[in-house]
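K.L.:
In full-length UniProt numbering, the protein residues as written are 2 to 407.
Handing you a structure now.
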Ligand code: EPS
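See the structure below:
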C-alpha cells in the first residue's frame, strides 16, 4: 500500500493516488467526508476554511462502495482557485508569461519576495531556484496538502475498523493550557471499543478536539488571547489506537520497526516538531524497574499491568493501546509580519503577511490520526496479505487463534 498526493494550495485541484489497496473492502463516503470535515473544523482556523468544502471525489478504484484492487484516485477541487485563476494557472495566460512575470500592479501583489521565517520559503527558494517568486515554494509547502492525507487516511481507517482497530487523534494542549492527567489517562487506558467510541464522539463534537469541557473553554480563551495579541499558538496532540493485535511491525530490520515508521509519518505533518511513545521523554528520568509493563496471563492470551511503553516493544505492537504524543509549533505566519530580508533588495524588512490560522492543532490531530491509519494499514497488509479483503480477514483470524496462550 502506497500513496502520492499532488496539488498546490490555491491551484485548481488536490489529488492523490493510492496503490495496493486490497480488493472488496467496503468504504463509506459519509465517513470519508466526515473525516475531512473534522480536519476543516477547529476553533482558531482562518478564513480559508469558510471557502472550502472538502468533499473528495473518488475517481477510480471503487465500484458501488467496494474497492476493486486497482489504484484509487482521489480528487478535490480547491474552491479558492476561482479567486486565484490568473495567479495559479497551470499554463501561461495573457497576463502571466512562462517566467511568472505579471503585467498588472494588482497581480504583482501576489508575487512574494519576503521569505517568512519558520516556513519552507527561504530554504525552498534557494534549493529550487525560486527566489523570483516564493509562491512557487509556499503553494506546495502549505498545509492545504494535508486534506489529501486525511482522505487517504480515512480509507485506511475504515479498513482497520473492520478489524476492530480504532484510532483517535485529540488535542491534549494548546499553548500553556494542557489537559489534566486524569483526562489523558481516560483516553489512553485499555478499554472496550464501545467506551472508546464515546470518547471519539466527544472529541469530534468539541470545538478544539479535546475531552473535558473546562480544558476546552480554557483553550479557546487562550486562542482568543493569541488572536487579540496578533500572534499564533501551537500545542500538543495525542494519538491513541485501541484494538491492535500483537506483532505489527518487526524487530528484524531498521526499516520494519513500527515506531520508526510512525515517527517518520507523523513528523512529516506540517509544524510537528516532536514525537514520543508512551512515557516518552519522561522515561529517561526514571529507574528501569518503574518503566516496565509487567506481563500477565489472561484466559485467552496476555496482557500488561501498565503501558509505559505506549504499546510498542522491539518495534512491534504489544497488544496494549498505542499511545503517541506530538508537539506542534505555533504557526509561523504572524499577522503583523516577521523579521526577514527582501530577496529583491537584500534589505531587512518587517512584513510578509499571508492569510493564516491562529492555531491548527485541532486539524493536526485529525491529520495525525490519518497518518497513523496509513502506517498501521501498511504494516497490517504486509503481515496479513494485501490482495483481497476476505482472505485478509481469514489470515487475521488464523493469526489471532495461533497467538493465544497455550
Ligand atoms: C496555510 C495557510 C492558510 C490555511 C491553510 C494552510 O491558507 P491560505 O493561505 O489560503 O489562507 O488556511 O490551510 C488550508 C488551506 C487547509 O486546507 O488546511 C499554510 O500556509 O500552510
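Cβ coordinates follow ideal geometry from the N, Cα and C atoms, glycine included.
What you are looking at is a predicted structure, and each value in this text was computed from that prediction instead of being measured.
Could you tell me which residues DSSP pairs with residue 297 in its beta bridges?
P.N.:
304
K.L.:
Report the start-end ranges of each alpha helix (DSSP H) in the stretch 104 to 183 that is 4 residues or longer and not cut off at the edges.
P.N.:
106 to 109, 122 to 128, 136 to 142, 147 to 162
K.L.:
How many whole angstroms separate the CB atoms of residue 165 and residue 123, which I take to be in contact at a CB cut-off of 8 Å?
P.N.:
That belief does not hold up - the Cβ atoms of residue 165 and residue 123 are roughly 47 Å apart, past 8 Å.
K.L.:
Do residue 45 and residue 224 have their C-beta atoms closer together than 8 Å?
P.N.:
Yes.
K.L.:
Closer than 7 Å by C-beta to residue 351: which residues in its own chain qualify, once you throw out the five before and the five after it? Chain order, please.
P.N.:
338, 340
K.L.:
Mark residue 6 as exposed unless 16 or more other C-beta atoms lie within 10 angstroms of its C-beta, in which case mark it buried.
P.N.:
buried
K.L.:
So does the stretch 167 to 178 actually touch the stretch 188 to 206, counting three or more Cβ pairs closer than 8 Å?
P.N.:
yes
K.L.:
Beta strand (DSSP E) containing residue 343: first to last residue?
P.N.:
No beta strand (DSSP E) contains residue 343, which DSSP labels as neither H nor E.
K.L.:
Give me the DSSP bridge partner(s) of residue 326.
P.N.:
239, 277
K.L.:
Would you check if the distance between the CB atom of residue 36 and the CB atom of residue 367 is smaller than 8 Å?
P.N.:
yes
K.L.:
Buried or exposed for residue 84, please, with buried defined as at least 16 other CB atoms from any protein chain shown within 10 angstroms of its CB.
P.N.:
exposed
K.L.:
Near residue 60, which residues of its chain fall below 6 Å by C-beta distance, leaving aside the five closest residues on each side in sequence?
P.N.:
Result list for residue 60: 74, 76, in chain order.
K.L.:
Going by the C-beta, is residue 81 closer than 7 Å to any heavy atom of the ligand EPS?
P.N.:
Within the cutoff, so yes.
K.L.:
For a test of your reading of the model: does the CB of residue 380 fall under 7 Å from any non-hydrogen atom of the ligand EPS? Yes or no.
P.N.:
It does not: the Cβ of residue 380 is nowhere closer than 7 Å to a heavy atom of the ligand EPS.
K.L.:
For residue 30, which three-state DSSP category applies?
P.N.:
helix
K.L.:
For residue 354 versus residue 227, is the C-beta spacing smaller than 8 Å?
P.N.:
no
K.L.:
Nearest to residue 380 by alpha carbon, out of 222, 397, 364?
P.N.:
397
K.L.:
Label residue 120 either buried or exposed according to how many other C-beta atoms from any shown protein chain fall within 10 Å of its C-beta, with 16 as the threshold for buried.
P.N.:
Around the Cβ of residue 120, a 10 Å sphere holds 16 or more other Cβ atoms; the residue is buried.
K.L.:
To the nearest angstrom, how far is it from the Cα of residue 93 to the Cα of residue 112?
P.N.:
A direct Cα-Cα distance of roughly 15 Å separates residue 93 from residue 112.
K.L.:
What are the residues that DSSP puts in a beta bridge with residue 58?
P.N.:
76
K.L.:
With respect to 7 Å, is the separation between the Cβ of residue 301 and the closest non-hydrogen atom of the ligand EPS below this value?
P.N.:
no
K.L.:
Could you give the distance in angstroms between the alpha-carbon of residue 480 and the alpha-carbon of residue 135?
P.N.:
Nothing about residue 480 can be reported from this structure: the residues present for the chain run from 2 to 407 only.
K.L.:
Quick check on the burial criterion: 16 or more other C-beta atoms within 10 angstroms. Buried or exposed for residue 356?
P.N.:
exposed
K.L.:
Return the bridge partner residues of residue 24 from the DSSP annotation.
P.N.:
69, 389
K.L.:
In this structure, does DSSP put residue 84 in helix, strand or coil?
P.N.:
Residue state, collapsed to three classes: helix.
K.L.:
Looking at residue 389 and the ligand EPS, is the gap between the Cβ and the nearest heavy atom below 7 Å?
P.N.:
no
K.L.:
Would the C-beta of residue 399 count as close to the ligand EPS, meaning under 7 Å from any of its heavy atoms?
P.N.:
no
K.L.:
Can you pull the DSSP bridge partners for residue 7?
P.N.:
Note: residue 7 sits in a beta bridge opposite 16.
K.L.:
Would you say the beta carbon of residue 148 comes nearer than 7 Å to a heavy atom of the ligand EPS?
P.N.:
Between the ligand EPS and residue 148, a heavy atom-to-CB distance of less than 7 Å is present.
K.L.:
Specify the secondary structure class of residue 64 as computed by DSSP and reduced to three states.
P.N.:
DSSP places residue 64 in the strand class (E or B) of the three-state scheme.
K.L.:
Measure the beta-carbon distance from residue 232 to residue 335 and round it to whole angstroms, keeping in mind my assumption that it falls under 8 Å.
P.N.:
6 Å
K.L.:
Can you say whether residue 22 is buried or exposed, counting buried as having 16 or more other CB atoms within 10 angstroms of its CB?
P.N.:
buried
K.L.:
How would you write the range of the beta strand (DSSP E) that residue 218 sits in, first residue to last?
P.N.:
From DSSP, residue 218 is part of no beta strand (DSSP E) but of the alpha helix (DSSP H) over 214 to 229.
K.L.:
Distance check for residue 175 and residue 365, CA to CA, integer angstroms please.
P.N.:
12 Å
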